[in-house]
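First up is the structure itself, then whatever we jot down about it.
2 protein chains.
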Amino acid sequence: MQVAAKPRLLGSSQARARKLAPAAEDSRYQRQLDKILEHATEVFCVRGYEGASMRDLSRATGMSLAGLYYYFDSKEKLLYLIQKHTFSRIVEQLREKLTGVSDPEQRVRVFIRNHLEYFLAHQKAMKVLSHEDDALKNGYGAEVLTIKREYYRICRELLDQLKRASGLQFETRLAVLSLFGMINWIYTWHNPRVDADAAALARGMGDIFLCGLMNAEEKQRKSSAQRAQRRTEEKQNL
Amino acid sequence: MQVAAKPRLLGSSQARARKLAPAAEDSRYQRQLDKILEHATEVFCVRGYEGASMRDLSRATGMSLAGLYYYFDSKEKLLYLIQKHTFSRIVEQLREKLTGVSDPEQRVRVFIRNHLEYFLAHQKAMKVLSHEDDALKNGYGAEVLTIKREYYRICRELLDQLKRASGLQFETRLAVLSLFGMINWIYTWHNPRVDADAAALARGMGDIFLCGLMNAEEKQRKSSAQRAQRRTEEKQNL
DNA sequence: CTACAATTCGAACGTTCGTTAGAATTATGC
DNA sequence: GCATAATTCTAACGAACGTTCGAATTGTAG
Chain A
1 MQVAAKPRLL
11 GSSQARARKL
21 APAAEDSRYQ
31 RQLDKILEHA
41 TEVFCVRGYE
51 GASMRDLSRA
61 TGMSLAGLYY
71 YFDSKEKLLY
81 LIQKHTFSRI
91 VEQLREKLTG
101 VSDPEQRVRV
111 FIRNHLEYFL
121 AHQKAMKVLS
131 HEDDALKNGY
141 GAEVLTIKRE
151 YYRICRELLD
161 QLKRASGLQF
171 ETRLAVLSLF
181 GMINWIYTWH
191 NPRVDADAAA
201 LARGMGDIFL
211 CGLMNAEEKQ
221 RKSSAQRAQR
231 RTEEKQNL
Chain B
239 MQVAAKPRLL
249 GSSQARARKL
259 APAAEDSRYQ
269 RQLDKILEHA
279 TEVFCVRGYE
289 GASMRDLSRA
299 TGMSLAGLYY
309 YFDSKEKLLY
319 LIQKHTFSRI
329 VEQLREKLTG
339 VSDPEQRVRV
349 FIRNHLEYFL
359 AHQKAMKVLS
369 HEDDALKNGY
379 GAEVLTIKRE
389 YYRICRELLD
399 QLKRASGLQF
409 ETRLAVLSLF
419 GMINWIYTWH
429 NPRVDADAAA
439 LARGMGDIFL
449 CGLMNAEEKQ
459 RKSSAQRAQR
469 RTEEKQNL
C-alpha cells in the first residue's frame, strides 16, 4: 500500500529537506503511513467514509487521534490516498497484462480477469473505491476522476477493437457500462467461502458478456480452440 | 410515495384511536409524510444517508427540525420507509408484468425491462436503495433484506426456467448476480440527456446478457421473430 | 365562541465530530 | 551524553450531530 507523501513537520518553523532522504520507499514514515492506510481502508469499508470517525481509526490503529494527523492533514486526504493508489495500481497491472496479447477477444478477457483478480485480492480497497465513488470533492475528486476516465477509455478501446476486428454491431458505451456493472457489483456479493476464484469468475462473466447465456453450446464448441489460445496468453503474462 | 404509518400523538397521555379515521390513504398526515419522504429521498441521494443531516432535511422541506419528528421517530426509520416502499413497489410491478408472459426468454426480458423502467422512473429512490444497501441495522435491515431476497429469488427462478426450457448450461448464481450488476450499476452513469430510454436500454442489456456481444449477427437474424413476440407481450402487459 | 385535538415551533439537551496547540517522548547524528 | 529532529501524546477547541421538551399555533366539531 505504498503511496508517495512526505513528512509535514521538518522543524516546526523552517521547512528543511531531510538530509540524505532514505529512499522514501520503505522509510519508517512511509511504513507507518501505509499501516494507517491499511487500517483506514478496513474502517472505511465497514462503516463507510462518512460513517467512519477518526476515533474509529484511532482505535483500529492503536494510535492517538492527534498522532494520526502527523501523517496526513485531513480525513478526506486519507480517502484520496487510498483511492488514488488503488486505482493507479489496477490500471498499471492491466497495462502489464495486456502487453503481448493481440487477439481482441482475449484482450477483453484479460481486462475482465485483471479487474476481478485485483478486486478479490484487494477487496476492501476496491469496495472503498467503488462505494465512495463521489465522496471526494473538488481537487481530490477531480484527480481520481482522471484515472477513472483513463480506465474507462482503455476498456472502451478494447471493445472498439473487438467490434472492428469481428465486424460486430453494438453500442460501445452501453457495452462498457454493462461490463463495468457486472464486474464492479461483485463487491456486494462475493463470498470467498461460496464463490469461485477470480479466474473462474472471469471466465464465467466473460462468457456471459461475450457469448451470452443462450450460447452455452456454442461456447462449448469453441472452447478447445479458446483454451489453447488462453494457455498461450497465460504463459506470456503470468 | 404512499407508506402505511400512523400519528404518534393522539392525546399526549392516552393513546386514543382517531374517530372516523379518514381513509389513511390521503389524509393530511399521510400527504405530509409522503412529501417529507420525497424530500428525504432527494437529500439522501445527493449527500448519502450518513452524510445527510436532519438539518439538511429541515431546510429541504421548509419544516422545523422538531416538526419533522412528528412524522417519524428517527432518521433511520426514514431510510427504512423509503427503502421498503421502493423495493415493495418494484416487486409488485414485476409480478403484474410477468403475468401472461410464458416464454422463458421473454420473462427474463420483462424482468430486465421492469427493473430499468422502475429505476429510471424513480432514479433517486433507487439510488438510495442500491447505495445505502447495508446502512440499516437490525430489525429494519432484516425487513428490507427479506424483500431483497424475494426479488433475488424471482430472478433466479426466471433464469432456472430459461435454463431448463432451453437445455442450457450456466451457473445460475453467477448469472443472476452478473445481471443484477448490469442493471443496478446504471445509477452510477445514466444521463437522461445522453442515454436511451428504459425500453431501449433493456433491449440492449438483454441482448448482451442473453446473446452476448459476439452474437450481434445472430441477434439480427432472430430479431424479426423476436420483435413479433415482443409486440404480443406488450399488448398483454401495457 | 369554546374546547380539544392535531400540528408546528424555538430552544435547547448531551454527544460526537474533525481538527489542533503544545508538551512529552523517542530516535538519530556527533 | 548532548543536541536536535522526528514522532506521539493529552487535552481541548468550536461546530455539527440526532433528538426532545414544552409552549405556541392551527384546524375542527359542537
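Note that the protein sequences, when read in sequence, are chains A and B. Letter by letter, the first sequence follows residues 1 to 238 of my numbering. Letter by letter, the second sequence follows residues 239 to 476 of my numbering. We put the CB at the ideal spot given by N, CA and C, even for glycine. Computed from a predicted structure; not experimentally measured.
Within the same chain, Cβ atoms closer than 7 Å to the Cβ of residue 54 (chain A) are found at 65, 68 and 75, the five residues on either side in sequence being excluded. Interface flag for residue 367 (chain B) against chain A is unset, since no Cβ pair is found closer than 8 Å.
Within chain A, the residues 211, 212, 213, 214 and 215 have their CB atoms less than 9 Å from the CB of residue 449 (chain B), given in chain order.
By the Cβ-count criterion, residue 150 (chain A) is exposed, with fewer than 16 other Cβ atoms from all chains shown falling within 10 Å of its own Cβ. Legend: CB atoms of the region 347-374 of chain B lying less than 7 Å from CB atoms of chain A belong to residues 371. Here DSSP, grouped into helix, strand and coil, assigns residue 279 (chain B) to helix. Contact annotation for residue 208 (chain A) against chain B: 408, 412, 413, 416, 447 and 450 [CB-CB distance below 8 Å, chain order]. Contact of residue 184 (chain A) with chain B by beta-carbon distance below 8 Å involves 419 and 423. Residue 303 (chain B) sits in a helix when the DSSP states are folded into three classes.
DSSP, reduced to helix, strand and coil, places residue 379 (chain B) within a helical segment of the structure shown.
Residues of the region 283-308 of chain B with a Cβ closer than 7 Å to any Cβ of chain A, in chain order: 286, 288 and 289. The C-alpha of residue 163 (chain A) lies about 39 Å from the C-alpha of residue 327 (chain B). Contact of residue 188 (chain A) with chain B is assigned, a C-beta pair being separated by under 8 Å. Taking 8 Å as the CB threshold, residue 102 (chain A) stays off the interface with chain B.
The criterion of a C-beta distance shorter than 8 Å is not satisfied by residue 119 (chain A) and residue 94 (chain A). Residues of chain B whose Cβ lies closer than 8 Å to the Cβ of residue 166 (chain A) are, in chain order, 452. For residue 442 (chain B), the closest Cβ of chain A is nearer than 8 Å.
When the five nearest sequence neighbours on each side are left out, the beta carbons in the same chain lying within less than 7 Å of the beta carbon of residue 114 (chain A) are those of 93, 94 and 97, in order along the chain. Your pair residue 171 (chain A) and residue 286 (chain B) does not check out as a contact, with CB atoms roughly 31 Å apart and the cut at 8 Å. For residue 438 (chain B), the enclosing alpha helix (DSSP H) has its first and last residue at 436-449. Within chain A, the residues placing a beta-carbon under 9 Å from that of residue 439 (chain B) are 174, ordered along the chain. Counting only runs that start and end inside the region 164-198 of chain A, the alpha helix (DSSP H) elements of at least 4 residues fall at 172-184. With fewer than 16 other CB atoms across the displayed protein chains lying within 10 angstroms of its CB, residue 380 (chain B) is exposed. In this chain, residue 122 (chain A) is not harboured by any alpha helix (DSSP H), its DSSP state being neither H nor E.
Counted as a single uninterrupted DSSP element, the alpha helix (DSSP H) harbouring residue 86 (chain A) occupies residues 75-98. With fewer than 16 neighbouring CB atoms inside 10 Å of its own CB, residue 73 (chain A) falls in the exposed class. The C-beta distance from residue 39 (chain A) to residue 61 (chain A) rounds to 5 Å, short enough to fall under 8 Å.
For residue 413 (chain B) and residue 206 (chain A), the gap between their C-alpha atoms comes out near 11 Å. A direct Cα-Cα distance of roughly 11 Å separates residue 106 (chain A) from residue 161 (chain A). Per the Cβ contact rule, the region 369-378 of chain B is not in contact with the region 414-424 of chain B (fewer than 3 Cβ pairs under 8 Å).
A distance below 8 Å separates the beta carbons of residue 447 (chain B) and residue 208 (chain A).
If you draw a 10 Å sphere on the C-beta of residue 59 (chain A), you find fewer than 16 other C-beta atoms in it, and that means exposed. Inclusion of residue 81 (chain A) and residue 44 (chain A) in the CB contact set at 8 Å is not warranted, their separation being larger than that value.
Here the alpha carbons of residue 63 (chain A) and residue 33 (chain A) stand approximately 12 Å from one another.
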